[in-house]
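Here the protein sequences come in this chain order: A and B.
Using the numbering used here, the first residue of the first sequence is number 1, and each one after it goes up by one.
Using the numbering used here, the first residue of the second sequence is number 438, and each one after it goes up by one.
What follows is one structure encoded as structure tokens, with my remarks underneath.
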Amino acid sequence: MGFPHTPHPKETVLLSRYFGDAEARTYDGWVKRGGYQALEQALAMEPAQVIEIVKESGLRGRGGAGFPAGLKWSFMPKEKKRPHYLCCNADESEPGTFKDREIMRWTPHGLIEGCAIAQYAIQAEVTYIYIRGEFTEPLRIIEQALAEAYQRGVLGANAMGTGKRLDMYVHRGAGAYICGEETALMNSIEGKRGNPRIRPPFPAAFGVFGLPTTVNNVETLASVPHIINRGGAWYRSLSLSNPKSTGTKLFSVCGNVKRPGNYEVTMGFPLGDLIHELCGGVPAGRTLKACVPGGSSVPILNREEAESCKLDYEGCMEKGTMLGSGGLIVFDDSADMVYQIMRLARFYAHESCAQCTQCREGTAWTVRILQRILAGEGESKDLDLLLDLSEQMTGKTICVLSDSCAAPIVSGIKKFRGEFEAYINGTRRPRPVLAHA
Amino acid sequence: MHPTAAYEPVFSAERKQQLDEILKRYPTKRAALLPALWMVQQARGWISDHAMAEVAEVLGLTPAYVKGVVTFYTMYHQHPVGKHFVQVCTTTPCNLCGAEGVVKALLEHTGCKELGATSPDGKYTVVEVECLGACGFATPVMIGDDFIESVTAESVPELLRRYP
Numbered sequence: 001m002g003f004p005h006t007p008h009p010k011e012t013v014l015l016s017r018y019f020g021d022a023e024a025r026t027y028d029g030w031v032k033r034g035g036y037q038a039l040e041q042a043l044a045m046e047p048a049q050v051i052e053i054v055k056e057s058g059l060r061g062r063g064g065a066g067f068p069a070g071l072k073w074s075f076m077p078k079e080k081k082r083p084h085y086l087c088c089n090a091d092e093s094e095p096g097t098f099k100d101r102e103i104m105r106w107t108p109h110g111l112i113e114g115c116a117i118a119q120y121a122i123q124a125e126v127t128y129i130y131i132r133g134e135f136t137e138p139l140r141i142i143e144q145a146l147a148e149a150y151q152r153g154v155l156g157a158n159a160m161g162t163g164k165r166l167d168m169y170v171h172r173g174a175g176a177y178i179c180g181e182e183t184a185l186m187n188s189i190e191g192k193r194g195n196p197r198i199r200p201p202f203p204a205a206f207g208v209f210g211l212p213t214t215v216n217n218v219e220t221l222a223s224v225p226h227i228i229n230r231g232g233a234w235y236r237s238l239s240l241s242n243p244k245s246t247g248t249k250l251f252s253v254c255g256n257v258k259r260p261g262n263y264e265v266t267m268g269f270p271l272g273d274l275i276h277e278l279c280g281g282v283p284a285g286r287t288l289k290a291c292v293p294g295g296s297s298v299p300i301l302n303r304e305e306a307e308s309c310k311l312d313y314e315g316c317m318e319k320g321t322m323l324g325s326g327g328l329i330v331f332d333d334s335a336d337m338v339y340q341i342m343r344l345a346r347f348y349a350h351e352s353c354a355q356c357t358q359c360r361e362g363t364a365w366t367v368r369i370l371q372r373i374l375a376g377e378g379e380s381k382d383l384d385l386l387l388d389l390s391e392q393m394t395g396k397t398i399c400v401l402s403d404s405c406a407a408p409i410v411s412g413i414k415k416f417r418g419e420f421e422a423y424i425n426g427t428r429r430p431r432p433v434l435a436h437a
Numbered sequence: 438m439h440p441t442a443a444y445e446p447v448f449s450a451e452r453k454q455q456l457d458e459i460l461k462r463y464p465t466k467r468a469a470l471l472p473a474l475w476m477v478q479q480a481r482g483w484i485s486d487h488a489m490a491e492v493a494e495v496l497g498l499t500p501a502y503v504k505g506v507v508t509f510y511t512m513y514h515q516h517p518v519g520k521h522f523v524q525v526c527t528t529t530p531c532n533l534c535g536a537e538g539v540v541k542a543l544l545e546h547t548g549c550k551e552l553g554a555t556s557p558d559g560k561y562t563v564v565e566v567e568c569l570g571a572c573g574f575a576t577p578v579m580i581g582d583d584f585i586e587s588v589t590a591e592s593v594p595e596l597l598r599r600y601p
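Here is the structure:
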């Protein structure tokens, strides 16, 4: 995707409107574009009113789970007895997803504004923006924008001159996919290993530092100022298919496509159009083979399923997959599904926090079996073994990392079984695996 | 701990002040552990056992606890690395776009014998990493703190020339 970003006519640009516009990164540039009006409006309301508007909008969590954002906020104690916290999840690490990075790079004040509104709504004094350690550029840009926001009186002990305290700090991660899981993220902020916690208790009751906490994704929070500015009903009206999925969504498209990048479309947009029209389709002379619609943790779609899939929470469910984080990985007919699924499994094996046996052993074992198949040493019973193993890895652990490893394996074997069998029966030549370090 | 050479503390005057500022952001001292470890790595290039003991002392933790955290996070170096630490993403989306070719080119042009090794001249350490979060700009490569997008096997020699 080239910058400055020229949106496709079929895109609906709210979040991505200023991608590529360097001036929008500054406080003055942001205010000139209408920034911080929503925060001003929100601060003049009661926190409960802000929550009602977000509830009405139908905004759902953009990090992957799709949980209604306003409802999540309403779980926070109404009567504040102890400090409350907001955590902004900017640990974007789901393979195929790179939308939060662009939001932070181009519209840092948009994110800060969204955080400040949410923070006010849930009555928190402090927000921690947890940014993955590798995102050095977004980190620098957010820190710069935060410094400006403090300097201009947006944040601090007297935020926007209202006498309310709104503090916001960056917390840098240090290389751990699992810290994108909300309870692991909170542990990481506390200076612990990023192991997910058993729930209940849920974060709204016992969150970071044992205090009431809400964790929201970057894209979710960045959507909030638009909702405050234009109303919940307006946001709700942005829906092409199922009324339960509202607003716009950034889809990160990567893999075998002519024009990879971030595309913002209204919920319910046809997946086929996104790949073939907006992204220009797969490379010349190739045909579409498969697509992962929601980041690597969701079941893989074959061509027919992908081309008839509606991009919203329900549309993806209908096809047996999930909208997840909106990271689309496109595979053309040159892709070796066995190798790429092995590569996904290796990601999960590497990122397992190793707390739960099913995950620690299961992910590693899965990789070994897949590598054995790729080396031409697989047996026909290996596929059943993988499926059995995947079942043992689903719904049995503290978090869903091992479920995420199982999803592409089960769907991959189901839909591309022939490719696995070709390695096993010797009709496909063994493929060496790049040595891991 | 068997100190043989004199250890120069990381958290002396100026850095101690920086850390004190960071501590104000959190209700507990332990919460400053990740930021403190980043400060050590920025100052020394890696985090030694001595440094872990110092961090433990400063934050009121035990050295074993600090080590437990250091070993959990892949970005903290427990050993010295080359002058330029090179991380290349090879997870599925980048893999589909030729990331393994980038790895081979990086190994060849840096003189690193294998992934994780440092080149004989001490200039480069090349490692393969899982998803750098820039899948639409395959293949992303990090050199030190620089994040470089759309690297191809062909563009590797020119890229490395910028990191002598």
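By construction, the Cβ of each residue, glycine as well, lies at the ideal position given by its N, Cα and C atoms.
All values reported here derive from a predicted model rather than from experimental measurement.
The alpha helix (DSSP H) enclosing residue i, as first and last residue numbers
i         : result
SER402(A) : 401–415
GLU305(A) : 303–307
CYS88(A)  : Premise fails: CYS88(A) lies in the beta strand (DSSP E), 85–90, not in any alpha helix (DSSP H).
ALA48(A)  : 47–57
GLU595(B) : 593–598
TYR313(A) : 313–318
GLY247(A) : No alpha helix (DSSP H) contains GLY247(A), which DSSP labels as neither H nor E.
Proximal chain B residues relative to residue i, where beta-carbon distance stays under 8 Å
i         : result
THR136(A) : MET579, ASP582, ASP583 and PHE584
PRO283(A) : In chain order: nothing, as chain B lies at least about 10 Å away.
Residue i in three-state terms, based on DSSP
i         : result
CYS531(B) : helix
GLY573(B) : helix
THR220(A) : helix
LYS289(A) : strand
MET512(B) : coil
PHE420(A) : helix
GLU102(A) : helix
ILE580(B) : strand
MET337(A) : helix
SER16(A)  : coil
MET342(A) : helix
VAL492(B) : helix
SER252(A) : strand
HIS226(A) : helix
GLU551(B) : coil
Closest Cα partner of residue i within the set the options
i         : options                                       : result
ALA480(B) : VAL506(B), GLN524(B) and SER449(B)            : SER449(B)
MET322(A) : ARG343(A), PRO408(A), ILE373(A) and PRO243(A) : PRO408(A)
LYS164(A) : ILE398(A), ASN302(A), SER188(A) and ALA42(A)  : ALA42(A)
TYR463(B) : SER237(A), LYS78(A) and VAL126(A)             : VAL126(A)
LEU221(A) : GLU304(A), GLU40(A) and ALA69(A)              : ALA69(A)
CYS572(B) : THR162(A), PRO260(A) and ALA44(A)             : PRO260(A)
ILE459(B) : GLY519(B), VAL506(B) and ALA473(B)            : ALA473(B)
LEU533(B) : ARG429(A), ASP388(A) and VAL338(A)            : VAL338(A)
TYR444(B) : GLU491(B), LEU543(B), TRP475(B) and LEU470(B) : GLU491(B)
VAL410(A) : ARG429(A), GLY418(A), LEU386(A) and GLU143(A) : LEU386(A)
N- and C-terminal bounds of the beta strand (DSSP E) containing residue i
i         : result
ASP333(A) : It is not in any beta strand (DSSP E) - ASP333(A) carries neither H nor E in the DSSP assignment.
LEU539(B) : The sequence shown places Val at residue 539(B), rather than the Leu named in the question. Element bounds for VAL539(B): not the beta strand (DSSP E) but the alpha helix (DSSP H), 536–547.
ILE456(A) : Because chain A in this structure spans residues 1 to 437, residue 456(A) falls outside the shown range and cannot be described.
TYR169(A) : 164–172
HIS521(B) : 521–526
Cβ-based burial, residue i [other Cβ within 10 Å; buried from 16]
i         : result
ASN425(A) : exposed
PHE75(A)  : exposed
ALA174(A) : buried
SER334(A) : exposed
ARG199(A) : exposed
GLY114(A) : buried
SER380(A) : exposed
ASN216(A) : buried
GLY581(B) : exposed
Proximal residues of chain B, C-beta to C-beta of residue i below 9 Å
i         : result
SER296(A) : THR528, THR529, PRO530 and CYS568
TYR235(A) : Within 9 Å Cβ-Cβ: nothing; TYR235(A) doesn't reach chain B, min ~26 Å.
ASN262(A) : GLY573
Within chain A, the residues that residue i reaches when beta carbons sit closer than 7 Å
i         : result
ARG467(B) : GLU190 and GLY191
ARG462(B) : TYR169
Interface partners of residue i on chain B, CB under 7 Å
i         : result
CYS254(A) : PRO530, CYS572, GLY573 and ALA575
Neighbouring residues, chain A, relative to residue i (Cβ below 9 Å)
i         : result
LEU470(B) : GLU190, GLY191 and LYS192
TRP475(B) : GLY133, ARG172 and ALA174
THR499(B) : The premise fails here: THR499(B) is roughly 13 Å from chain A at the closest Cβ pair, so nothing lies under 9 Å.
heavy atom of the ligand GDP below 7 Å from residue i C-beta
i        : result
ASP91(A) : Ligands are entirely absent from the displayed structure, and the ligand GDP is therefore not among its contents.
Chain A residues whose Cβ lies nearer than 8 Å to that of residue i
i         : result
GLY535(B) : Ordered by position in chain A, no residue passes the 8 Å Cβ test against GLY535(B), which lies about 11 Å from the chain.
Proximal residues of chain D, C-beta to C-beta of residue i below 9 Å
i         : result
MET489(B) : Annotation note: the requested chain D is absent from the structure, which comprises protein chains A and B.
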